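Report on the following structure.
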Amino acid sequence: MKKLWVFFCLILLFGLGISDPIEDKQALLDFFNGIPHYRFLNWNQSSIVCNNWTGVTCNSDKTRVIALRLPGVGFNGSIPPNTLSRLTALEILSLRSNRISGAFPVDLLSLKNLSYLYLQFNQFSGALPLDFSVWKNLTVVNLSYNGFNGSIPSSISNLTRLTYLNLANNLLFGEIPDLGLPHLQELSLANNKLTGSVPKSLQKFPNSSFLGNNILMSPSAGQSPGPSPSPKPKNGVKLRGAALYGVIVGGSVVGLFAIVVLLLICCSKRKGGNGPSGKAQKGESSPDKPIQGGQDGNTKLVFFEGLNYAFDLEDLLRASAEVLGKGTFGTAYKAVLEDATTVVVKRLKEVGVGKREFEQQMEIVGRVTHENVAQLRAYYYSKDEKLMVYDYYSQGSVSALLHGKRGGDRIPLDWDTRLRIAVGAARGIACIHSGNNGKLVHGNIKASNVFLNSQNYGCVADLGLSTLITSVPPTRATGYRAPEVNEIKKLSQASDIYSYGVLLLELLTGKSAIHSSSGGDEVIHLVRWVQSVVREEWTAEVFDMELMRYPNIEEEMVEMLQVAMTCVSRVPDQRPKITDVVKMVEDIRRIDTGNRPSTEGGSGVSTPYASTSAPTPQ
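The sequence shown lines up with residues -19 to -1, 1 to 599 when you count with mature numbering (1 follows the signal peptide of the UniProt record, and there is no 0).
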């Protein structure tokens, strides 16, 4: 009787759809446990795959895994054998933006149902598989930004359903085979080592598809095939331009962001496909889908990281929103979603690059993951609108905390917090400078782009925008720009160090990078002012009066001042590297352990430090 009851319960559970694809589940666990990774995933033996596991999608009856999307999870090393090959029903595989290395995974050759393959921005090497025809259903293939070498397999011509092929930024050599793919809409073979000429079947693609090779371009190339226009929606939404203009001019109120974006998207739909080209891909709300207009209601947001997100573009449109501020690169909105999730949406202006370059830059930025760097969660691209979605920091920016209206109910920023801001920002910049093979530059370090995280450490935001904007207008941000940036408009990691030095001076002085004199008739550049004070007397006159109340911090402030003065050296080569800066600011005080150096002479900072050797002003 007991066995019969257990059997009945099992039948009932499976009837209710509480099932688990046991074999696929074990294959995923073997894969996950066999490859190093630094990001948490909620995969475990006791939970149900199809209902809970991040990045996993099952078929309708929950008997097989059909999609695996794990971008930016931090996989490092080669894919363990005999793991993914057991997911024989898999149709979508996205492992982009990780650090997976080794040869092309042999495991994938067993996935006969694979339709969408995304392995871009990894560290694969070696030759591509000779026989692509094992994947009869392949529609989208992106293997760009790896180290694949050898020739392009001619077997790709057997992929008659292929609409998108990206092999750019690898080490492929030899001649391009005459692929003759009837449905191919987008192609990129740029930045390889290919030779010869463009085959006749591929001459319909623009020259940009073949740049960065030793290829004889066809004079007839240059017209992108592009998709046919999207059908017009049956029920178009009409918003009066005058009414919208009144809302924008009238101020930033709840729903402003939703109205602006909704108008642009609706206009894009009415035009029948003004968004970026690309065929809609299989799989609901896939983060790998090209963004395009249409009437299918898909989210269009491109997400990063291997996390489950509870919102999409439509949620953002419905969210209550308020303007947080208008910066150099656009306007930032605080959006509160229906489930109380709060995010920051940056609406970019004057973006000077095309869709492909924009997406490539977003890929680079999305790979930067650090507790002291504001994580890019998602982005949206269309012809008329470019959006970036970040986490919301409730404590606000360093600029607001430091330079907000003094007096009244304002709480002064204490020295411990200022130290944490300096340490956190330095760590964040160090992570940034290590990105993109050590070539990544922030380009816009300033107090309004540094926020406080939950531990009161500085967190750097707005990464990657400096390369996207057509022109940077002269603003108060010029106080952060290194001399060479003002002179030759060249951003570098050394110019980031200069900007960080200005941030340190703000933390020490309480003054903005550029501010008016007490009489209001003179504009004062903070760096020049501090250098002149140090040069003349090397006194404590530079320090913020609000720091006077804290005892035994004089030596720490002087040490930070020395670091700042080194960072703002006029000559770029005389500025320290960020790894050295991190060590210097961390050595000021190990704030995690609460170890504070003792200082003789009582509290306050009114006495001159005549015995301290000052750095030579540059």
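Think of the CB as a built atom: it goes at the ideal place given N, C-alpha and C, for glycine as much as any other residue.
All of these numbers come straight from a predicted model, not from anything done at the bench.
For residue i, the three-state DSSP class (helix, strand or coil)
| i | result |
| --- | --- |
| Gly227 | In this prediction, Gly227 scores a pLDDT of 32, lower than 50, which makes its location untrustworthy; no coordinate-derived value is stated. |
| Asp1 | coil |
| Ile99 | As written in the sequence, residue 99 is Tyr, which differs from the Ile given in the question. Looking at Tyr99 - three-state DSSP - the assignment turns out to be strand. |
| Ile426 | coil |
| Thr350 | coil |
| residue 613 | Outside the modelled stretch of the chain, which goes from -19 to 599, sits residue 613, for which no answer is possible. |
| Ile402 | helix |
| Val514 | helix |
| Leu531 | Note that residue 531 is Tyr in the sequence shown, not Leu. DSSP places Tyr531 in coil when its eight states are reduced to three. |
| His384 | helix |
| Phe154 | strand |
| Tyr438 | coil |
| Asn147 | strand |
| His414 | helix |
| Val523 | helix |
| Val552 | coil |
| Gly482 | helix |
| Val334 | coil |
| Gly15 | helix |
| Met546 | helix |
| Ala407 | helix |
| Ser36 | The sequence shown places Gly at residue 36, not Ser. Residue state, collapsed to three classes: coil. |
| Ser27 | coil |
Distance between residue j and residue i (C-alpha atoms, nearest Å)
| i | j | result |
| --- | --- | --- |
| Arg20 | Leu9 | 16 Å |
| Glu340 | Arg401 | 33 Å |
| Gln474 | Val370 | 25 Å |
| Glu366 | Pro464 | 33 Å |
| Asn127 | Leu109 | 11 Å |
| Cys548 | Val346 | 25 Å |
| Asn123 | Glu522 | 58 Å |
| Leu22 | Ser28 | 12 Å |
| Gln436 | Ser476 | 28 Å |
| Lys263 | Asp159 | Because Lys263 carries a pLDDT of 34, less than 50, the predicted location of this residue cannot be relied on, and the following value inherits that uncertainty. Near 27 Å, if we compare the C-alpha coordinates of Asp159 and Lys263. |
| Trp396 | Leu383 | 12 Å |
| Asn188 | Asn194 | 11 Å |
| Tyr479 | Val511 | 14 Å |
| Leu329 | Ala84 | 39 Å |
| Val304 | Gly311 | 11 Å |
| Ala300 | Gly306 | 18 Å |
| Val179 | Gly131 | 18 Å |
| Leu98 | Leu49 | 10 Å |
Supposed contact pair residue j and residue i - C-beta distance, whole angstroms, cut 8 Å
| i | j | result |
| --- | --- | --- |
| Leu90 | Val115 | 6 Å |
| Thr309 | Ala411 | Their Cβ separation, rounded to whole angstroms, is 23 Å, which puts Thr309 and Ala411 out of contact at 8 Å. |
| Phe285 | Arg358 | 6 Å |
| Leu449 | Val354 | Actually they do not touch by this definition, with Cβ atoms about 17 Å apart. |
| Asn150 | Asn118 | Contact flag wrong, Cβ pair sits at about 26 Å. |
| Val515 | Val544 | Val515 to Val544, Cβ: 13 Å. No contact. |
| Phe432 | Gly377 | 7 Å |
| Leu472 | Ser447 | 6 Å |
Buried or exposed (CB count within 10 angstroms, at least 16 for buried), residue i
| i | result |
| --- | --- |
| Ser594 | For Ser594, the predicted model reports a pLDDT of 32, less than 50, meaning its position is unreliable and no value from the coordinates is stated. |
| Ser78 | buried |
| residue 605 | Outside the shown range of the chain (-19 to 599) lies residue 605, about which nothing can therefore be said. |
| Pro86 | buried |
| Pro2 | buried |
| Val504 | exposed |
| Leu197 | exposed |
| Leu282 | buried |
| Val30 | buried |
| Asn32 | exposed |
| Ile157 | buried |
| Thr176 | exposed |
| Thr323 | exposed |
| Lys327 | buried |
| Ser125 | buried |
| Val325 | buried |
| Lys558 | exposed |
| Gly385 | exposed |
| Ser375 | exposed |
| Ser497 | exposed |
| Met526 | exposed |
For the structure I just gave you, are there three or more beta carbon pairs, one from the region 422 to 438 and one from the region 475 to 491, closer than 8 Å? By the Cβ test, the region 422 to 438 is in contact with the region 475 to 491, since at least three Cβ pairs between them sit closer than 8 Å.
So, does the region 337 to 357 touch the region 44 to 58, judging by three or more C-beta pairs under 8 Å? Remark: three or more beta-carbon pairs, one from each stretch, lie closer than 8 Å, so the region 337 to 357 and the region 44 to 58 are flagged as touching.
Examine the Cβ distances between the region 556 to 572 and the region 402 to 416 and report whether three or more of them are shorter than 8 Å. Contact holds: three or more Cβ-Cβ distances are below 8 Å.
Decide yes or no for the touch test of the region 65 to 76 against the region 98 to 112: beta carbon pairs closer than 8 Å, at least 3 of them. With the cut-off at 8 Å, the region 65 to 76 and the region 98 to 112 touch.
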